[in-house]
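Residue numbers (the working numbering), protein chains in the order written: chain A, 211 to 432; chain B, 17 to 97.
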């Protein structure tokens, strides 16, 4: 199992994500945003949190147009797995790999705290390690995490069981309490909360571990 | 050619920043402000031969996220195609 973590100028969760992938048993390659190719044999690409390109213009917008993102899109189009966390989720919506967009938090404040999430589907490589409706505690740290999509898109996501996680107490105004969504082939997950920050006992919580372990198991049998 | 692109959140998309401005105006005693929307203005200094279509492409590809934003383009000087 081989993971690649994309690094943009301003990414700051790239190494944390690499540590979480490694702890789950994966080999990890770091890929700079100016690279055009993903290393051969990569099963999953992680798009990490941070402030890519300073969040200029819109969060994730500049990163979404960097050379490496075309390779990320090609990897996804081939049926490859992609995990976008926080700024990575914003990048994936900006590239169009996931529907919707992330708006400024409804309360306008940057929020950094651990929140309760409901596991809204088990039907993905990312979420199969949890029980349906399990309540897990995962940190959030964002200013623009207010998930928005039009009514039809929200209905489609819900109808197709593509909402991965919902907030137990909505911190940011996200529509339908959505914290994370899956692509239509269920192999691309974008989420605002940081499972890689709850993947080691030293973090103060380990509820994120199951995501990385389940992913490794799926990739090992793929 | 110079062009000015105005990007606004679409109607129906909550604008928390505009709402905060509205509250602040009310707190300053400016009564009767019923709504505030905040957007951004991007001015482009373009080489000869650039067309409105070029600017539209820029808006669609990068300057606006049409999931949540709408844009208008204004040519700022003569010679705009």
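The beta carbon of each residue, even a glycine, is placed where N, CA and C say it ideally should be.
In this text, all values refer to a predicted model and were calculated from it rather than measured experimentally.
Asked, Found
"Reduced DSSP secondary structure (H/G/I, E/B, other) of residue 426 of chain A", "helix"
"Residue span of the beta strand (DSSP E) that contains residue 86 of chain B, given as start and end", "85 to 91"
"Inter-residue spacing [alpha-carbon to alpha-carbon] between residue 18 of chain B and residue 327 of chain A", "48 Å"
"Interface residues of the stretch 32 to 53 of chain B facing chain A [CB-CB below 9 Å]", "32, 33, 35 and 36"
"Pick from A/408, A/259 and A/343 that is closest to residue 221 of chain A, judged by C-alpha positions", "A/259"
"The beta strand (DSSP E) enclosing residue 347 of chain A, as first and last residue numbers", "345 to 352"
"Rounded distance between the beta-carbons of residue 281 of chain A and residue 270 of chain A, thought under 8 Å", "That pair is no contact at about 16 Å."
"Sequence-distant residues of the same chain with beta carbon closer than 6 Å to residue 395 of chain A, five excluded per side", "none"
"Residue from A/361, A/298 and A/321 with nearest C-alpha to residue 224 of chain A", "A/298"
"Every unbroken alpha helix (DSSP H) within the stretch 295 to 339 of chain A, with a cutoff of 4 residues, ordered by chain", "297 to 305"
"Interface residues of chain B facing residue 231 of chain A [CB-CB closer than 8 Å]", "The contacting residues do not exist; residue 231 of chain A stays about 29 Å from chain B at best."
"Meets three-Cβ-pair contact criterion under 8 Å: the stretch 415 to 426 of chain A and the stretch 337 to 344 of chain A", "yes"
"Backbone CA spacing between residue 96 of chain B and residue 427 of chain A [nearest angstrom]", "Because the pLDDT at residue 96 of chain B is just 45, under 50, the model does not fix this residue reliably, and the point stays unresolved."
"CA-to-CA distance, residue 47 of chain B to residue 409 of chain A, given in whole angstroms", "51 Å"
"Collapsed DSSP secondary structure at residue 96 of chain B in the structure displayed", "Here the model assigns residue 96 of chain B a pLDDT of 45, short of 50, so the residue's position is not dependable and the matter cannot be decided."
"Amino acids of chain A, ordered along the chain, whose beta-carbon sits closer than 7 Å to that of residue 84 of chain B", "311, 313 and 358"
"Residue-level contact to chain B via CB, residue 219 of chain A, 8 Å cutoff", "no"
"Short Cβ contact (8 Å threshold) for residue 356 of chain A with residue 308 of chain A", "no"
"Rounded straight-line distance, which links the Cα of residue 325 of chain A to that of residue 388 of chain A", "13 Å"
"Beta carbon proximity, residue 351 of chain A to chain B, threshold 8 Å", "no"
"Within chain B, partners of residue 268 of chain A - CB distance below 7 Å", "81"
"Contact check, residue 407 of chain A vs residue 226 of chain A, beta carbons under 8 Å", "yes"
"Stretch pair the stretch 79 to 92 of chain B + the stretch 18 to 32 of chain B: three plus CB contacts closer than 8 Å", "yes"
"Cα-Cα separation between residue 300 of chain A and residue 405 of chain A, rounded to whole angstroms", "16 Å"
"Reference residue 371 of chain A; option with closest CA among A/333, A/362 and A/318", "A/333"
"Proximal residues, the stretch 272 to 283 of chain A versus chain B, C-beta separation under 9 Å", "272, 274 and 275"
"Nearest-angstrom beta carbon gap, residue 217 of chain A and residue 433 of chain A [assumed within contact, 8 Å]", "No information on residue 433 of chain A is available, as it lies outside the stretch 211 to 432 that chain A covers here."
"Cβ of residue 316 of chain A within 8 Å of any chain B Cβ", "yes"
"Straight-line gap, residue 244 of chain A to residue 296 of chain A (C-alpha atoms, nearest Å)", "21 Å"
"Spatially closest choice to residue 56 of chain B from A/235, A/231 and A/268, by CA coordinates", "A/268"
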